[in-house]
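K.L.:
Position one of the sequence shown corresponds to residue 5 (my numbering), numbered consecutively onward.
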Amino acid sequence: MRLILNVLWFIFGSGFVLAIGYGLAALICFVLIVTIPFGIASLRLAVYSLWPFGRTVVSRPGIGVASGLGNIIWVVVAGWWLALTHIVAGIALCVTIIGIPFGIANFKLVPVAFWPLGREIVELAD
Numbered sequence: 005m006r007l008i009l010n011v012l013w014f015i016f017g018s019g020f021v022l023a024i025g026y027g028l029a030a031l032i033c034f035v036l037i038v039t040i041p042f043g044i045a046s047l048r049l050a051v052y053s054l055w056p057f058g059r060t061v062v063s064r065p066g067i068g069v070a071s072g073l074g075n076i077i078w079v080v081v082a083g084w085w086l087a088l089t090h091i092v093a094g095i096a097l098c099v100t101i102i103g104i105p106f107g108i109a110n111f112k113l114v115p116v117a118f119w120p121l122g123r124e125i126v127e128l129a130d
């Protein structure tokens with residue numbers, strides 16, 4: 005079932021578009037050198053948004069103060085509008101019965117889009 009949902013998400017649920025957007029943001033962050041940690045977080049978001057079903061986001065223990073400060077900068081620069089975009093898309097997708105799983109997947113992306121540093125994407129146990 006996860007495979008079917010992931011394929012449908014990739015084609016119809018904007019998974020491909022999200023992955024390209026996060027990937028471009030990562031490239032820009034890598035070019036600016038100082039923002040490489042944000043680029044790594046953007047790449048994690050790109051991979052997660054490409055294939056979200058069957059995986060979840062967990063907090064890494066002992067992330068430190070630097071990640072917290074980086075997340076505050078992320079929220080001010082990009083996090084709030086990314087999270088808002090996922091919320092609006094999730095609500096729009098939940099209007100139809102077929103779009104409900106895709107809306108839920110967008111809602112799963114909200115916390116990691118808002119606060120990405122210090123989080124890890126893990127596979128769910130079968």
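The beta carbon of each residue, even a glycine, is placed where N, CA and C say it ideally should be.
Below 8 Å on the Cβ atoms is my contact criterion, and I expect L97 with P56 to pass it. Report the Cβ-Cβ distance as a whole number of Å.
P.N.:
Residue mapping note: residue 97 aligns to position 93 of the sequence shown, counting from 1. Residue mapping note: residue 56 aligns to position 52 of the sequence shown, counting from 1. That belief does not hold up - the Cβ atoms of L97 and P56 are roughly 13 Å apart, past 8 Å.
K.L.:
Nearest CA to the CA of V80: which residue from E124, A117 and A129?
P.N.:
For this step, residue 80 is matched to residue 76 along the sequence shown. Comparing Cα positions, the closest option is A117.
K.L.:
Could you tell me whether the Cβ atoms of W119 and N75 are closer together than 8 Å?
P.N.:
Position 115 of the sequence shown holds residue 119. Position 71 of the sequence shown holds residue 75. Closer than 8 Å, so yes.
K.L.:
I'd like to check one pair, I108 with R48: are the Cβ atoms closer than 8 Å?
P.N.:
As a first step, residue 48 must be located in the sequence shown, where it is residue number 44. As a first step, residue 108 must be located in the sequence shown, where it is residue number 104. It is not a contact, given that the beta carbons lie outside the stated cut-off.
K.L.:
With burial defined as no fewer than 16 other Cβ atoms inside 10 Å of the residue's Cβ, what is the status of T100: buried or exposed?
P.N.:
As a first step, residue 100 is located in the sequence shown; it is residue number 96 there, counting from the start. Exposed.
K.L.:
Is the distance from the Cβ of L121 to the Cβ of A45 below 8 Å?
P.N.:
Working through the sequence shown from its first residue, we reach residue 121 at position 117. Working through the sequence shown from its first residue, we reach residue 45 at position 41. In contact: L121 and A45 (Cβ atoms closer than 8 Å).
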